[in-house]
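So the working numbering is basically just the index in the sequence shown, starting at one, shifted up by 7. Using N, Cα and C, we set each Cβ at its ideal position, and we do this for glycine too.
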Amino acid sequence: MRQNLKRILARQVGEYGMTVLIASQNLKELEDFCDHVGLLHRGGLLFSEEIDRLRLSIVKAQIAFREPVSMEKLRDEGLAILQSRARGSIIEILARNTEKELRHTVEPHAPLLLDVLPLTLEELFIYELGERAYKVHDIRSSEPGAFPM
Numbered sequence: 008m009r010q011n012l013k014r015i016l017a018r019q020v021g022e023y024g025m026t027v028l029i030a031s032q033n034l035k036e037l038e039d040f041c042d043h044v045g046l047l048h049r050g051g052l053l054f055s056e057e058i059d060r061l062r063l064s065i066v067k068a069q070i071a072f073r074e075p076v077s078m079e080k081l082r083d084e085g086l087a088i089l090q091s092r093a094r095g096s097i098i099e100i101l102a103r104n105t106e107k108e109l110r111h112t113v114e115p116h117a118p119l120l121l122d123v124l125p126l127t128l129e130e131l132f133i134y135e136l137g138e139r140a141y142k143v144h145d146i147r148s149s150e151p152g153a154f155p156m
C-alpha cells in the first residue's frame, strides 16, 4: 500500500509539478522519498531545510591517526566538532563542516584511516535540534501522555 501511494504521489508531482506535504514521525520512511523536511514543535516550525543541504552541512567520519592528534588542535584548525568518540584507535567525529573542509583539515596529519560515513535523516534531526538547544528527550517527554525516557 505504501509503495503504491509513493508511486502515485511521485507520478503526480512529476506530471503536475505539485508539492506534497507529508507529516510523519517515521523519518526512515521519509528519507528516500522527500527532498525537503521540517520539524514542527508546539505549533511552531523549528526548522525547514532541503535534505541535501542538511547532509552537506554536517559530516561524520571515522579517523585513525598515526600520531595522536587532539580534538582541540582539529578545532583550532577549523573543524566545528559537535561530537567525538574514541573506539580503540579509531576516532568517530561529527562536525558542522563539509566533507571537503574535513579532508582539508585532517589529511595534513596523514591519517591511517579516513572514512566519511553517511548520516541518516534521524541523526541529522538530532544534531539540528542539538544546535538549536533542544533535546530530543525534552520534546518527547513534553507531549501529553508521553512516557519519560
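Label residue i either buried or exposed according to how many other C-beta atoms from any shown protein chain fall within 10 Å of its C-beta, with 16 as the threshold for buried.
{"i": "residue 107", "result": "exposed"}
{"i": "residue 30", "result": "exposed"}
{"i": "residue 101", "result": "buried"}
{"i": "residue 44", "result": "buried"}
{"i": "residue 15", "result": "exposed"}
Report yes if the C-beta distance between residue i and residue j is below 7 Å; otherwise report no.
{"i": "residue 54", "j": "residue 13", "result": "no"}
{"i": "residue 112", "j": "residue 85", "result": "yes"}
{"i": "residue 128", "j": "residue 52", "result": "no"}
{"i": "residue 67", "j": "residue 124", "result": "yes"}
Give the C-beta separation of residue i and residue j to the nearest angstrom, bearing in mind that I take them to be a contact with Cβ-Cβ under 8 Å.
{"i": "residue 7", "j": "residue 103", "result": "Outside the shown range of the chain (8 to 156) lies residue 7, about which nothing can therefore be said."}
{"i": "residue 126", "j": "residue 65", "result": "6 Å"}
Just checking residue i against the ligand SAH - is the residue's beta carbon closer than 6 Å to any of the ligand's heavy atoms?
{"i": "residue 31", "result": "Among the components modelled here there is no ligand, and therefore nothing to report on the ligand SAH."}
Please confirm if residue i has its CB atom under 7 Å from at least one CB of chain B.
{"i": "residue 81", "result": "Within the model displayed, chain B is absent; a lone protein chain is all it includes."}
Return the residue from the list the options that minimises the CA-CA distance to residue i.
{"i": "residue 132", "options": "17, 120, 59 and 115", "result": "59"}
{"i": "residue 73", "options": "109, 21 and 115", "result": "115"}
{"i": "residue 120", "options": "32, 96 and 27", "result": "96"}
{"i": "residue 57", "options": "89, 75, 37 and 70", "result": "37"}
{"i": "residue 135", "options": "49, 61 and 16", "result": "61"}
{"i": "residue 69", "options": "26, 63, 122 and 77", "result": "122"}
- Query: Considering only residues of the stretch 30-59, which uninterrupted alpha helix (DSSP H) runs meet the minimum length of 4 residues and lie entirely inside it, listed in chain order?
  - Reply: 34-38
- Message: Runs of 3 residues minimum, wholly inside the stretch 51-136: which ones carry the beta strand (DSSP E) assignment?
- Response: 51-57, 66-72, 88-94, 97-102 and 118-124
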